[in-house]
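Visitor: First, the structure itself, so that you have it in front of you.
Numbering (the working numbering), first residue to last: 1 to 233.
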């Protein structure tokens, strides 16, 4: 009701201004008053615009809707591209993480550089909004090689196998087959052959921690695990 009254007033005022405009330029006017004429035109236009504001807004909104539809199409295409990238990146990253740790058995290659490369891969996945569960799964893609390395660290921390014939036989089988015993199995082997050195036990604790959490308890020690051996070469 109020809206209709306001529209009636605006249309009426606009009509009166139009009549006044005709008067200003018509034969009844003594002289052409430019200022009044300009003011009348502006006022008339404003009244018409306000009276038709809803239509003007609708028109603008329609144009905006077209632009918005185009923008949404671009966004949709971009989202689809990201989804495609994500679908490709997940399996490739899993392979890359596994291969990084698998390179250079045992100990060739810079272990720190490998870790940096792995973290870079995971960072890219986070940027692609890959889920935390997927990233965790990819991060543990090298678990097989990490387990092998931990077992090797535990067993190589013991006295020379030649001083223990049983241990020597086990070591040969282990070394030739490159098995990956669990932390508990490694602990049982240490007890069996009575070779529980402090260093071996410490690596055993690290290995159990890794099995439970997927992280390294002593990251610096893990990354420098081949340094002593390499220095002795």
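Think of the CB as a built atom: it goes at the ideal place given N, C-alpha and C, for glycine as much as any other residue.
Bear in mind the structure is a predicted one, so any value in this text is a computation, not a measurement.
1) Among 141, 139, 147, 194, which has the Cα closest to the Cα of residue 165?
2) Against chain D, does residue 98 count as a neighbour if the rule is that its beta carbon must be under 8 Å from one of theirs?
3) Consult DSSP for residue 217 and reduce its assignment to one of helix, strand or coil.
4) Keeping to the same chain, check which residues put their C-beta closer than 7 Å to that of residue 134; ignore five residues upstream and five downstream.
5) Figure out for me which residue from 210, 117, 184, 181 has the closest Cα to the Cα of residue 290.
6) Using a Cβ-Cβ cutoff of less than 6 Å, which residues in the same chain neighbour residue 209 once the five nearest sequence positions on both sides are dropped?
7) Mark residue 184 as exposed unless 16 or more other C-beta atoms lie within 10 angstroms of its C-beta, in which case mark it buried.
8) According to DSSP, simplified to helix, strand and coil, what is residue 113?
9) Taking the beta carbon of residue 93 as the centre, do at least 16 other beta carbons fall within 10 Å, making it buried, or is it exposed?
10) Does the separation of the CB atoms of residue 207 and residue 154 fall below 8 Å?
11) Would you mind working out which of 180, 189, 198, 223 sits nearest residue 169, comparing C-alpha positions?
12) Report the rounded CA-to-CA distance for residue 205 versus residue 211, giving the unit in angstroms.
13) Which residues in the same chain as residue 139 place their Cβ atom closer than 8 Å to its Cβ, once the five residues preceding and following it in sequence are excluded?
14) Relative to the C-alpha of residue 100, which residue among 82, 145, 132 is closest?
15) Residue range of the alpha helix (DSSP H) that residue 143 falls in?
16) Measuring CA to CA, which of 149, 141, 85, 103 is closest to residue 225?
17) On a CA-only basis, which of 191, 82, 179, 196 is nearest residue 130? Give me that one, please.
18) Since residue 111 and residue 223 are thought to touch, with beta carbons under 8 Å apart, how far apart are those beta carbons, to the nearest angstrom?
19) When the Cα atoms are used, what is the spatial distance from residue 172 to residue 88?
Guide: Looking at the atomic coordinates:
1) Here residue 165 is taken as the residue at index 165 of the chain shown, counted from 1. For the residues 141, 139, 147, 194, the minimum Cα distance to residue 165 belongs to 194.
2) Chain labels in this structure do not include chain D; a single protein chain is all it has.
3) Position 217 of the chain shown, counted from the start, is the residue given in the question as residue 217. Residue state, collapsed to three classes: coil.
4) Taking the first residue of the chain shown as position 1, residue 134 is located at position 134. Closer than 7 Å at the Cβ level, and outside the excluded window around residue 134, lie 90.
5) Because the chain is modelled from 1 through 233, residue 290 falls outside the range shown and cannot be assessed.
6) Taking the first residue of the chain shown as position 1, residue 209 is located at position 209. The residues are 217.
7) If you number the chain shown from 1, residue 184 lands on position 184. Exposed.
8) One-based indexing of the chain shown puts residue 113 at position 113. Residue 113: helix per DSSP, three-state reduction.
9) Counting from one through the chain shown, the residue named residue 93 turns up at place 93. It is buried - the Cβ of residue 93 has at least 16 other Cβ atoms within 10 Å.
10) One-based indexing of the chain shown puts residue 207 at position 207. One-based indexing of the chain shown puts residue 154 at position 154. Contact flag set, yes.
11) Reading the chain shown from its first residue, position 169 is the one you call residue 169. Ranking the options by Cα distance to residue 169, first place goes to 189.
12) Taking the first residue of the chain shown as position 1, residue 205 is located at position 205. Taking the first residue of the chain shown as position 1, residue 211 is located at position 211. Distance from the CA atom of residue 205 to the CA atom of residue 211, rounded to whole angstroms, is 10 Å.
13) Position 139 of the chain shown, counting from 1, holds the residue named residue 139. Closer than 8 Å at Cβ, skipping near neighbours: 97, 118, 122, 214.
14) Here residue 100 refers to the residue found at position 100 of the chain shown. Nearest C-alpha to residue 100: 145.
15) Position 143 of the chain shown, counted from the start, is the residue given in the question as residue 143. It spans 143 to 156 - the alpha helix (DSSP H) in which residue 143 sits, taken as one unbroken run.
16) On the chain shown, residue 225 is found 225 positions in, with the first residue counted as 1. Residue 225 has its Cα closest to that of 149, out of 149, 141, 85, 103.
17) In the chain shown, counting from the first residue as 1, residue 130 sits at position 130. Between residue 130 and the set 191, 82, 179, 196, the nearest pair of CA atoms involves 82.
18) Reading the chain shown from its first residue, position 111 is the one you call residue 111. Reading the chain shown from its first residue, position 223 is the one you call residue 223. Rounded, the Cβ-Cβ distance is 5 Å, consistent with contact.
19) Numbered from 1 along the chain shown, position 172 holds the residue referred to as residue 172. Numbered from 1 along the chain shown, position 88 holds the residue referred to as residue 88. So the two alpha carbons sit approximately 41 Å from each other.
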